[in-house]
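For the sequence shown, counting from 1, position 172 maps to 173 in the working numbering; every step adds exactly one.
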Amino acid sequence: MFASVVAMTSESIRGPGELIAVIPLLIGFVPHESVVVTGLDDGGEVAVIMRVERGDLGVPDLVEPMMADVTATLRREGATKVILVSWTTDDVSLGCEALDVLTPRLEHDVKVLDSWATDGRTYGGPGCADQRCCPPGGRPIPQCTAIPMARVSRRIGHRPLPPSSDQRQQVRNIARVAQRWEKKLELGRDEWCERSWKEIRSHMEAPAGAPAWGKVLGGLQDVRVRDALIVSWLGASDEVISDVLHGRDTEGVDDVMSGALRPGTATIPEPSDLVSAREWVETLVTVATQRRRAVAHSLLAVLHWWNADLAGCEAETRRALACDPGYSLASLLADMCAYGLRPGWAQTRG
């Protein structure tokens with residue numbers, strides 16, 4: 002183990018990228034194939050930086066005495082929180098075994114604010130399924146030629162810890178349920194869409210476990226079920242929702258679907274309902290595999306657009322199209338953003 006007590010100066014580190022960029026300057030070398038433990042005191046200042054060999058974390062006889070040294074050093078230097086960075090060229094897209102060994106042992110003594118992985122050029126959260134913070138290929142590490150901090154910005158720790166191995170297994174289980182649910186479409190689309198919609202409504206009212214999420218994800222892959230959810234957010238009647246689920250192009254469906262574009266003709270979603278919907282869909286993103294995330298990102302784009310947030314809408318369409326380049330709803334919304342088109346109720350407000 003290598004430990005360094007660091008004297009800080011004046012500015013703040015703004016985000017994990019800057020922290021990763023400055024670590025080699027602080028300790029004097031690039032910590033290849035290591036986990037760097039950055040200990041923070043109660044005021045958010047860096048109290049100590051330690052480097053642990055990743056290989057040593059795979060040797061049971063070395064782990065416990067090494068962890069005793071780490072935790073003793075953290076206590077001695079007054080560190081109550083840590084940020085972990087796994088420095089490796091290994092593929093950690095599904096998780097980092099070294100962090101899985103280190104994290105639970107540290108959590109007995111300090112609060113683990115966040116965990117990241119880097120190959121020295123880019124960084125991301127091991128096993129993170131949220132492309133908003135961890136896009137494919139990672140985020141580039143910013144250039145850093147000085148040591149600019151005394152305090153670590155709280156924004157470094159904004160993101161939850163990457164999924165544990167149990168959580169990653171849950172995503173796989175959900176994907177299997179979704180696949181089985183999609184196969185039931187062979188029994189008849191109308192009935193299958195009705196059943197899928199019932200699952201979604203039940204789940205939104207009382208969120209359930211992995212099997213329910215799988216049926217929700219599987220159902221939303223069908224555009225009828227997806228559009229039924231969208232018109233329900235716009236206050237559509239049960240009759241209109243049924244028309245959408247059965248693929249009936251009725252006047253009621255047209256009034257709701259196109260009403261959002263015409264000033265003064267659509268029901269304006271309640272702000273609290275939009276917040277609840279967004280939280281639900283954001284959770285949907287985290288439990289979906291990449292192939293099924295296009296619909297979730299597109300639904301988030303719709304919710305941003307309804308709030309006249311074209312930048313947020315455009316960002317979600319990019320994420321959707323990264324998952325499925327041919328996803329038509331995302332392409333449509335991207336075009337609407339490019340033309341500066343806002344919902345009808347935003348137009349009425351000028």
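Cβ atoms here follow ideal geometry from the backbone N, Cα and C, with glycine treated the same way.
Computed from a predicted structure; not experimentally measured.
- Here the alpha carbon of Ala316 sits roughly 10 angstroms from the alpha carbon of Ala331.
- With contacts defined as CB atoms closer than 7 angstroms, Val83 and Val38 qualify as a contacting pair.
- A Cβ-Cβ separation of about 4 angstroms places Arg55 in contact with Ala99 under the 8 angstroms criterion.
- Pro270 and Leu58 have their alpha carbons spaced roughly 52 angstroms apart.
- Nearest to Glu108 by alpha-carbon distance, out of Ser329, Gly125 and Gly40, is Gly40.
- Within the DSSP secondary-structure output, Thr39 pairs in a beta bridge with Ile50 and Ile84.
- By the Cβ neighbour-count rule, Asp70 is exposed, with fewer than 16 other Cβ atoms within 10 Å of its own.
- Taking all protein chains in view, the Cβ of Thr90 is surrounded by fewer than 16 other Cβ atoms within 10 Å, so the residue is classified as exposed.
- Taking C-beta separations shorter than 7 angstroms and ignoring five residues to either side along the sequence, the partners of Arg294 in its chain run Val286 and Cys324, following chain order.
- If you look at Lys199, you'll find it in the alpha helix (DSSP H) that goes Arg190 to Glu206.
- Beta-bridge pairing by DSSP links Asp115 to Ile84.
- The C-beta of Gly139 has 16 or more other C-beta atoms within 10 Å across all chains shown, which makes the residue buried.
- Contact between the region 166-186 and the region 216-226 is present: three or more C-beta pairs spanning the two stretches fall below 8 angstroms.
- Assignment of Pro141 by DSSP, reduced to helix, strand and coil, places it in the strand class.
- For Glu206, the closest C-alpha among the options Pro141, Gly96, Glu34 and Ala278 is that of Ala278.
- Pro61 sits away from Gly96, with the two beta carbons spaced by 7 angstroms or more.
- The three-state reading of DSSP puts Gly248 in coil, since its state is none of H, G, I, E or B.
- In the DSSP annotation of this structure, the continuous segment of the alpha helix (DSSP H) that includes Gly18 starts and ends at Pro17 to Ile28.
- Bridge partners of Gly125 according to DSSP: Ala118.
- Taking the C-beta atoms as reference points, Gly215 is found no nearer than 7 angstroms to Val245.
- Check the Cα spacing between Glu240 and each of Ile231, Thr251 and Pro326: the tightest is with Thr251.
- Uninterrupted alpha helix (DSSP H) stretches at least 4 residues long and entirely within the region 215-240 occur at 224-234, given in chain order.
- The criterion of a C-beta distance shorter than 7 angstroms is satisfied by Leu275 and Leu304.
- Judged by beta-carbon spacing, Ala118 lies within the 7 angstroms limit of Ser87, meaning their Cβ atoms are closer than that value.
- The C-beta of Leu26 has fewer than 16 other C-beta atoms within 10 Å across all chains shown, which makes the residue exposed.
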